[in-house]
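>
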Amino acid sequence: MPTLAVERDALFTSLGRSYTREEFDELCFEFGVELDDVTSEREEADKASATKLSKKQLSVFSDSVIYKIDVPANRYDLLCIEGLSRAIKIFLGDLDAPQYQVVQVPESDMERMVVQQSTTATIRPFVVCAILRDVTFTQERYQSFIELQDQLHRNLCRQRTLVAIGTHDMDTVQGPFKYEARAPSHINFVPLTHSATQQTFDAKALLEHYETEPACKHLKPYVPIIKDSPLYPVVLDSNETVMSLPPIINGSKSKITLDTTNVFIECTATDLTKANIVLDTVVTMFSEYAAKPFTVEPVRVEFVDASSQITKSYITPQMYTRNESASVSFVNSLIGINITAQKMVELCNKIQLGPATLLDNDTMLQVTVPPTRSDILHAVDIAEDIGIAFGYNNIVKRVPTTATVGSEQPLATLGDLLREEIARAGYIEVLTHGLCSIHDNFTALRRSITSAVSLSNPANAEYQVVRTTLLPGLLKTLQHNRSASFANGFKLFEISDVVLPDDKHVVTETIVGARNSRKVCGVYAGPTSGFEIIHGLVDRIMTLTEVQPEEEYIKNSAKGLEEQYRVSREGWYYTIRALDTDDVNGHASSGTYFPGRAAEVLLTKPGVEEKMSIGTFGILHPEVLTNFDIQYPTSALELDLECLL
Amino acid sequence: MSEVVEEAILQHLSSPEATIEDTFSWAASKDLDHNSVVGSVKSLWADGYVAITELSTSSYTLSDEANEVVANGSQEVRVLAALIEAGEEGMTMPDLQSKVGKGVCKIGMGNCMKNKWAKKAGDKLVATKAMGEVSDETQDRLKALDAANGAEGVIDDKQVNLLKRRKLISLVTLKSYSVTRGAEYAPKRVKKAADLTKEMLDSGAWKSTPFKPYNFLTVGEKVGGGYLHPLLKVRAEFRKILMQMGFQEMPTNKWVESSFWNFDSLFQPQSHPARDAHDTFFIKEPGATVSVPEDYYERVKEMHEKGGAGSIGYRYDFKREEAFKNLLRTHTTAVSSQMLYKLANQEGGFKPARYFSIDRVFRNETMDATHLCEFHQVEGLVADYNLSLGDLLGTIETFFKKVGITQLRFKPAFNPYTEPSMEIFGYHPDLKKWTELGNSGMFRPEMLAPMGLPENVRVIAWGLSLERPTMIKYRIKNIRDLFGHKVEMARTRTAPICRFDDQTA
């Protein structure tokens, strides 16, 4: 969510009203923005400084109150003080929504931007332009103008990749303007960053300079957008003056100053829709300061091919004001209110959707969507705004009346019931992360690195893969709790998912190439290995899931009353088979266990021909213990749960 | 050993008037170790066999040096004697040392000079007093103390200090007891039992066995056994609540998703910032989705590019490559979307439904005390004809009442796939303040229409994290203490059952 920092007093002056912090907080809440923080430049400087600043050092910073306001991500028109105060004033009924107007200019007088389509298509195909006439800047207005561009660059323009804004003092350059892409060595100019020294760079050298120069580090993130392209985009005037090297930097020549009165705005883009939204936003916000407020002059953009033939053209800014309609009953029904059509018309004026009119015997509401409201896509957007104007907290609450039956996923039921039982058997439940390193998931377990779902861009370098086994999480938990008493054995378990590559698994007619697999994993660590204890847990899980041991498996065990009372599913059997821990090509988990002290669990169930291996258990290999820094002999089991459903 | 001593003590007290005046002397007389006598006396006293009075006797003991003074006279007198013997000539220091010994010489010389019993003449020392003119006070005092067995008060304090300073005597305090019969006296001791045993039951001895009083002010033994994880205890309650409310659980065991289901199907534009690499974990291998339902894909693409169902759409070029990028789901809504798609396309067509899930989601965020890269999302949604924002408000109200939160406020918010959207705020009875509880909204028609849901079917939904209510419930400040391998088992062992104050009950 973007945050706008505004000086409280300036905002209140602009609103023509004054509030306590609580009152303003309340207003924000109802309007749908959030007063996130109240601060001042001085406070921020104090917070940001590593060392304690003296009173004198702090006194250079202003202590006037700054409101930091969180703005919804789709309301680009609230990203500057002009737009925010305008919207609030309209919301409060203090101001009628302005009518934005593109000045009619005779075609012959219209400024032109000529686009070399063949070159720009390779890197940044679009441009849209507008001209603000007779603007009066002040220091504050100028600052806000710059900050709005920064906000838009950060948010809607996605760090200038989609759209980049260039603004120029129109009286320093000469139309018609040109937008082309040229070899970097053919672009030479004094960039805005070097106005003081008037140093000239070629584009390649300039980007290299920005990559390394600490003073220009704010520009470094944009360098990769064009750096490796054979051609760089460039905006020029008819005298070949470089106005900008989008999306990096403007030229010094056309720099805007407080004395600038005529502003030329160009937005170069890879996304034309977004470029128009950006341009409309800048224009609607700052045309307020034009001699004739809320007016703007258009520019014709002509695309020419290699032989200078015009292939297409359009006029910008679109300042797209359109009518949208929503039926009165739809709005009432969607929001759950019952207000009259006339009341809706009134509310529309509060939310910048005026003037609104009623059609079809007052059943249809037609609103005017100004260019500032690019977020309005559908009647639901109108309904939402009417809901906001009505007040969400004034809506009568009700509940859907259709009866439905609650239910749970069978796999969740099985997991939850087993969790209870395993905890009852003395195991402490843990909940560990699904993301881990290749080392923890394979190498530390003495397993060869096989395929796993791997991440392409983890912020945390430790997160390389999605786990294919729950064991590392449990072993790391043992490691972390090593100061606990192991005298009577330390028992942990987890029931959760691992993810395995699988390009056959279909969910909702979709194959992504991987599937979750639910596992149960348990460990015992203590003075002795606890192999029998873990083995006992295997048998317990089987008993609980109604699977009976094969005759051969239990013939050597004393048969207690348990066998007599056992309840099993027809045709469901299990047995244990020693794991060949010497066979490096054997079971994937062989290396994890101590030689000769590991087994796999084999399941027979109706409809399945062969016995299926559903997991392994055994004493962990001492090298595995060393890898996880565990001091006590440890045994572990890991079984697949889904096959026990 | 202790039984022998106890027996001797009880024996000694066999006549009612008999007493042990002082255990110290009594032990000496019986040739017993005093410490073991004291131990037995205290043990007998605890059971009321004897009554005791504590005695504290202090006395001076003479050091080895002091005993030599008693036998041979003080150092100063012995030095004087040697000097007198040497006559007027006197003696040199080395001669004197070899005559009386180095230690005696050093102390004796000093005192002779101080007392003016001797003087220096060149390098020699000469006596100035005859033996008859001096008295050996040091020896006299020590002899007096020795005779009185070191008793206090025999010599005055000033003299005591003088002797102490010369390290000739030291004060020793002796703790002992005088012992008489106690209320429970018996000539033979019977031990009281600490616990009821099987042997007592078998023999019937429990009837005659006296039992020790029990100290109730100590905690009981740890119960042992296993323990469930706090977050999953809370999960169990939330599942119960949602099922009580008629919600059906969604199959969310699917962490790897395509961008198509995670974003595109929700009408989240392909250029949305949430789809940046710094928010979402994209997958290197398998990097791309293999297949999606193609008809539906086309309808979604159409909606993004051109709109439809009353929407103007986002008007950009929808890229298949972007839609097919695999990722770790950023929300369980990726599954909700599939459930709604199935609901629209099931045999017999759409039927109203309530769905819920509580499962893991992944965000490629910087981790801190309240953020991990993975957490659990609680999500509920209702699909029915002509639902309104009022239905959403009421459903959310019911849900939060079930967890004991009754005061709610709703703030307009923005979410790319819901419209209207609301943030839920509530007055939290544990925190005793207003706090953000979750997010909610009505799914956009642009999301529902391509699925094939009837036009007047609306879907309301809300979501929250499972970690935050758990952290509030179990007073956990750092999320790493809740989720992951750094959880202390002591915390899991101590966590109470999860109960919510159900305000709908």
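Sequences listed follow chains D and U, in order.
Going by this note's numbering, the final residue of the first sequence carries number 627, and the count climbs one at a time with no gaps.
Going by this note's numbering, the final residue of the second sequence carries number 1443, and the count climbs one at a time with no gaps.
Glycine included, every Cβ here is placed at the ideal spot set by N, Cα and C.
The structure displayed is predicted, hence computed values, not measured ones.
Assuming contact is defined by CB atoms lying nearer than 7 Å, are Thr1268 of chain U and Thr1218 of chain U in contact in what I supplied?
yes
> Could you list which residues in chain D have their beta carbon closer than 7 Å to that of Asp1202 of chain U, in chain order?
Simply none; closest approach about 12 Å.
> Below 8 Å, can you find three or more Cβ-Cβ pairs linking the stretch 84 to 102 of chain D to the stretch 284 to 304 of chain D?
yes
> Identify every run of the alpha helix (DSSP H) within the stretch 245 to 273 of chain D, keeping only runs that are complete inside it and at least 4 residues long; order them along the chain.
For the stretch 245 to 273 of chain D, the continuous alpha helix (DSSP H) assignments of 4+ residues that do not extend past its boundaries occur at 254 to 268, in sequence order.
> Need the endpoints of the alpha helix (DSSP H) that Met1385 of chain U sits in, please.
Pro1383 to Leu1386
> Ala338 of chain D to Ala197 of chain D, Cα distance in whole Å?
51 Å
> Using a Cβ-Cβ cutoff of less than 6 Å, which residues in the same chain neighbour Asp1074 of chain U once the five nearest sequence positions on both sides are dropped?
Taken in chain order, the residues that qualify are Gly1011, Ser1012 and Val1015.
> Look up Ser438 of chain D in the DSSP assignment and say whether it is helix, strand or coil.
Ser438 of chain D: coil per DSSP, three-state reduction.
> What does the alpha-carbon distance come out to for the pair Ser419 of chain D and Val606 of chain D?
Near 15 Å, if we compare the C-alpha coordinates of Val606 of chain D and Ser419 of chain D.
> Determine, using beta carbons only, whether Ser438 of chain D comes closer than 7 Å to chain U.
yes
> Taking any Cβ of chain D, which residues in the stretch 1286 to 1298 of chain U have a Cβ under 8 Å from it, in chain order?
Pro1290, Ala1291, Arg1292 and Arg1298
> When we look at the beta-carbon of Ala1387 of chain U and count the other beta-carbons within 10 Å, is it buried (16 or more) or exposed?
buried
> In the DSSP assignment, what residue or residues form a beta bridge with Gln633 of chain D?
Outside the shown range of chain D (-17 to 627) lies residue 633 of chain D, about which nothing can therefore be said.
> Using only the alpha-carbon positions, how far apart do Ile431 of chain D and Asp422 of chain D sit?
11 Å
> Excluding the 5 residues preceding and the 5 following Thr1066 of chain U in the sequence, name in chain order all residues of the same chain whose CB lies nearer than 8 Å to its CB.
Lys1054, Trp1055, Ala1056 and Lys1057
> Ser356 of chain D versus chain U: which residues are under 9 Å apart at the beta carbon?
None at all; the shortest Cβ gap to chain U is about 10 Å.
> Check the C-beta distance from Glu629 of chain D over to Val216 of chain D and give it rounded, since I have them as a contact under 8 Å.
There is no way to answer for residue 629 of chain D, as the model of chain D reaches only from -17 to 627.
> Hey, could you find the ends of the beta strand (DSSP E) Ile48 of chain D is sitting in?
Unbroken beta strand (DSSP E) run through Ile48 of chain D: Val47 to Asp52.
> DSSP beta-bridge partners for Pro531 of chain D?
D:Tyr556
> Residues of chain U with CB closer than 8 Å to the CB of Glu366 of chain D, please, in chain order.
Pro1350, Glu1357, Pro1358 and Ser1359
> Whose Cβ in chain U lies nearer than 8 Å to the Cβ of Lys473 of chain D?
Gly1164
> In terms of DSSP beta bridges, what is Glu582 of chain D paired with?
In the DSSP output, where bridge partners are listed per residue, Glu582 of chain D has D:Arg559 and D:Thr598.
> Please report how far the alpha carbon of His1366 of chain U lies from the alpha carbon of Asp342 of chain D, in whole angstroms.
48 Å
> For Gly435 of chain D and Phe1421 of chain U, what's the separation of their Cα atoms in angstroms?
Checking the sequence shown, residue 435 of chain D turns out to be Val, not Gly. For Val435 of chain D and Phe1421 of chain U, the distance between alpha carbons rounds to 22 Å.
> Mind listing which residues of the stretch 384 to 414 of chain D have their C-beta closer than 8 Å to chain U's C-betas, in chain order?
Thr384, Ala385, Thr386, Val387, Gly388, Ser389, Glu390, Gln391, Leu393, Ala394, Asp398, Arg401, Glu402, Ile404, Ala405, Arg406, Ala407, Gly408, Tyr409, Ile410, Glu411, Val412, Leu413 and Thr414
> Output the residue ranges of the beta strand (DSSP E) runs that lie fully inside the stretch 322 to 407 of chain D and measure 3 residues or longer, sorted by chain position.
339 to 341 and 346 to 351
> Return yes when the Cβ of Leu134 of chain D is within less than 7 Å of the Cβ of Val260 of chain D, no when it is not.
In this structure, Leu134 of chain D lies closer than 7 Å to Val260 of chain D by Cβ.
> In chain order, what residues of the same chain lie with their CB nearer than 7 Å to the CB of Thr563 of chain D, ignoring the 5 residues before and after it?
Ser572, Tyr575, Pro577, Gly578 and Ala580
> When the Cα atoms are used, what is the spatial distance from Tyr556 of chain D to Pro531 of chain D?
5 Å
> Do we get a CB-CB distance below 7 Å when we pair Thr492 of chain D with the residues of chain U?
Closer than 7 Å: yes.
> Looking only at its own chain, which residues have a Cβ that is under 8 Å from the Cβ of Gln180 of chain D, when we skip the five neighbours before and after it?
Val172 and Ser234
> For the stretch -11 to 13 of chain D, which residues have a CB atom closer than 7 Å to at least one CB atom of chain U, in sequence order?
Phe11
> Do Gly1251 of chain U and Lys1244 of chain U have their C-beta atoms closer together than 7 Å?
yes
> DSSP three-state call for Ser44 of chain D: helix, strand or coil?
coil
> In its own chain, which residues sit with a C-beta less than 6 Å from the C-beta of Lys50 of chain D, not counting the 5 before and 5 after it?
Thr(-15), Ala(-13), Asp18 and Asp19
> Is Gly1318 of chain U close to chain D? Criterion is C-beta to C-beta, closer than 7 Å.
no
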